[in-house]
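Q: Taking numbering that gives the first Met the number 0, the leading residue of the sequence shown gets 0, the next gets one more, and so forth. Backbone N, C-alpha and C define an ideal beta-carbon position, used for all residues, glycine too. Below you will find the structure I want to go over with you.
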Amino acid sequence: MGPDLEQTVPLIEVLLYGILNPATIVVAFMVGQRADDKSKLMIAAFAGAIAGCALLYVATFLRLWDAPELGRSIAGVFIVSLVAGFIYAGVGYLMKRKTD
């Protein structure tokens, strides 16, 4: 049985789930640190967004916290996570150690 689908989705929750998701932050930052070119930051952001959405879906499926709107708003969370993940990947890229 999947998450409950509701008619209304609070946009502030979609923004917060997308921006402050720990899986998005960690995965995008770590993949951004391993990127050897700036063009690969979008791949890092995509990986972070996928990880963040997967974590939120599992947490909602297992009912670990009260987030029943997530089933309907996962597309919005993915888009917000993609944008936030690009920023986190950029920070990771800028903070990596230079080995020249």
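How big is the Cα-Cα spacing for D36 and G17?
A: Residue 36 sits at position 37 when you count from the first residue of the sequence shown. Residue 17 sits at position 18 when you count from the first residue of the sequence shown. So the alpha carbons of these two residues sit roughly 25 Å apart.
Q: Distance check for R33 and F60, CA to CA, integer angstroms please.
A: Translated into positions along the sequence shown, residue 60 becomes position 61. Translated into positions along the sequence shown, residue 33 becomes position 34. Roughly 32 Å separates the two Cα atoms.
Q: Please state if the CB of G91 and the CB of A44 are separated by a distance shorter than 8 Å.
A: As a position in the sequence shown, residue 44 is number 45, starting the count at 1. As a position in the sequence shown, residue 91 is number 92, starting the count at 1. Cβ atoms of A44 and G91: not closer than 8 Å.
Q: Can you give the Cα-Cα distance for I24 and P9, rounded to whole angstroms?
A: Here residue 24 corresponds to residue number 25 of the sequence shown, with the count starting at 1. Here residue 9 corresponds to residue number 10 of the sequence shown, with the count starting at 1. Distance between the alpha carbons of I24 and P9: 22 Å.
Q: If you scan the segment 19–73 from start to end, which runs of the alpha helix (DSSP H) of 4 or more residues do you find wholly inside it?
A: Positions of the alpha helix (DSSP H) runs, each at least 4 residues long and wholly inside the segment 19–73, are given as 21–33, 40–60 in order along the chain.
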